[in-house]
Amino acid sequence: MPIIDIARMAAIATGAVVLAACVSAHQTSTDLASTSQAGADSAAQASLNERYVEEIVAAERAFAAEGYENGVKSSFLKWSAADAVMLSPGPVNAHEALAGAPDRPADAAGPHLVWWPLYAGAARSGDLGFTTGPYAFDEDRRGYYFTVWRREADSAWKWVFDAGVGADATAAPVQGTPVSVMKQAGRAEAMPSPHGPRPLEQVIELESALADTARSDAAGAYAPYLAADSRFHSARTPPAVSPDTIPEALAARPPVIAFAHIGGGASAAGDIVWTYGVGRWAESGAEREGYYARIWRNGAEGWRIAFDEFIPIRQSASDQPSE
Numbered sequence: 045m046p047i048i049d050i051a052r053m054a055a056i057a058t059g060a061v062v063l064a065a066c067v068s069a070h071q072t073s074t075d076l077a078s079t080s081q082a083g084a085d086s087a088a089q090a091s092l093n094e095r096y097v098e099e100i101v102a103a104e105r106a107f108a109a110e111g112y113e114n115g116v117k118s119s120f121l122k123w124s125a126a127d128a129v130m131l132s133p134g135p136v137n138a139h140e141a142l143a144g145a146p147d148r149p150a151d152a153a154g155p156h157l158v159w160w161p162l163y164a165g166a167a168r169s170g171d172l173g174f175t176t177g178p179y180a181f182d183e184d185r186r187g188y189y190f191t192v193w194r195r196e197a198d199s200a201w202k203w204v205f206d207a208g209v210g211a212d213a214t215a216a217p218v219q220g221t222p223v224s225v226m227k228q229a230g231r232a233e234a235m236p237s238p239h240g241p242r243p244l245e246q247v248i249e250l251e252s253a254l255a256d257t258a259r260s261d262a263a264g265a266y267a268p269y270l271a272a273d274s275r276f277h278s279a280r281t282p283p284a285v286s287p288d289t290i291p292e293a294l295a296a297r298p299p300v301i302a303f304a305h306i307g308g309g310a311s312a313a314g315d316i317v318w319t320y321g322v323g324r325w326a327e328s329g330a331e332r333e334g335y336y337a338r339i340w341r342n343g344a345e346g347w348r349i350a351f352d353e354f355i356p357i358r359q360s361a362s363d364q365p366s367e
């Protein structure tokens, strides 16, 4: 029978316990470090997002201020990208559309266009964002604008899409009110796969599916793509900024719409895509036409509509916003 070295066995056992404890401590330390790093990364990204939004809001305010001081033409040309699109009444290149327009400085007679941001968002990559808020002619609030901003090669912010919908803006907060910020997509959801469709292509496919349903049920077509913080702007109604107000905004639109995508763009991070397109429908025996603009955000549930605006082309006094 072999002699058992009790002391040696005890030492081995003790060493095993110590080793296991060291491994556990190392793993715990690694987990804590990972958690700490993730928290630091999240805080850093939040700080960056705040800075990006501040830059976009500052650009929008400067754009508006210059429009009041030097006239809409001067301001729109200065702050727009070479490929910027505006509605007049359909989509046109801003520079081509404004080339022959007269300047109208602040001392000109008549009402002056003013607008101010109340809601804004930015991509994680800091190259794309938007603002929206009320617009007015002097003190007469007429509706809500929507502007998409893109950072150019020289780091300057320029707008690439601008439009507005006539709506009841009488209850809108005044200029200087703090701007609310869109929730940002998480890092994992925002990173586009190098092997899959590009973000804009993904969204175009979703818009095609939405359009298919909208041909028979425009309001129901949006249901699969709503987020908890979706915002909808429709003619003649206040902005829908919560889930319980979105049905009213959609009810103000035609019940069936034939949507067709026209254009848009995506952030480098793949977390935000903006789109615009046309919508056609029949009303009182006549063919009607309008335009939509959207912000899609890639989150934990996939692509969802963070913002949607539908602008019918005005045909009669009934299309004026309610007073």
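Each number in my numbering corresponds to the 1-based position in the sequence shown with 44 added. From the three backbone atoms N, C-alpha and C, an ideal C-beta is built for every residue, glycine too. Remember, predicted model here, so these are calculated numbers, not experimental data.
Within the region 183-255, the complete beta strand (DSSP E) segments at least 3 residues long are 184-195 and 201-210, listed from N- to C-terminus. For GLU333, there is no enclosing alpha helix (DSSP H); the enclosing beta strand (DSSP E) has its first and last residue at 330-343. In terms of CA proximity to PHE120, LEU142 leads the group LEU142, PRO268, PRO291 and PRO298. Excluding five sequence positions before and after ASP261, the CB atoms of its chain that fall closer than 8 Å to its own CB belong to PRO299 and VAL300, given in chain order. Secondary structure of ARG168 (DSSP, three-state): coil. Only buried fits SER278, as 16 or more other CB atoms lie within 10 angstroms of its CB. In terms of Cβ geometry, THR176 and PRO161 form a close pair [threshold 9 Å]. CA-CA distance, LYS122 to ASN137, rounds to 14 Å.
Nearest C-alpha to GLY307 among LEU294, ALA295 and VAL322: VAL322. For SER124, the beta-bridge partners assigned by DSSP are TRP203. Under DSSP, LEU294 shares a beta bridge with no residue. Per DSSP, ALA145 is not a residue of any alpha helix (DSSP H), being assigned neither H nor E. Inter-residue distance for ALA326 and ARG332 is about 6 Å (C-alpha atoms, whole angstroms). Contact annotation, PHE303 with LEU270: C-beta distance approximately 16 Å; criterion of less than 8 Å not satisfied.
Taking 9 Å as the cut-off, the Cβ atoms of ALA313 and ARG195 do not count as close. In this structure the region 95-106 touches the region 187-202; the number of beta carbon pairs closer than 8 Å is three or more. ALA102 is bridged by DSSP to nothing; it lacks a bridge partner.
DSSP, read as helix, strand or coil, puts GLY115 in coil.
Ranked by Cα distance from ALA337, the first of PHE276, GLU292 and ASP184 is PHE276. Under the three-state reduction of DSSP, VAL129 is assigned to strand. Only residues of its own chain outside the window of five on either side were considered, and among them PHE276 and ALA284 have a CB closer than 6 Å to the CB of ILE290, listed in chain order.
Here TYR266 carries a coil assignment [DSSP, helix/strand/coil]. Boundaries of the beta strand (DSSP E) around ILE349: 346-356. Cβ-Cβ distances below 6 Å link VAL129 to PRO135 and PHE205 in the same chain, with the five nearest sequence neighbours on each side left out; the list follows chain order. For LEU162, the three-state secondary structure derived from DSSP is coil. Annotation for HIS156: no beta strand (DSSP E) segment contains it, and DSSP assigns it neither H nor E.
Apart from sequence neighbours up to five positions away, the residues of its chain that approach ALA108 with a beta-carbon distance below 7 Å are VAL158, TRP159 and TRP160, ordered along the chain. In this structure, the alpha-carbon of TYR188 lies about 19 Å from that of ALA166. When DSSP reads this structure, GLY307 sits in a beta bridge with TYR320. Here the alpha carbons of GLY329 and PHE190 stand approximately 31 Å from one another.
Taking the CA atoms as reference points, PRO217 sits about 28 Å from ALA263.
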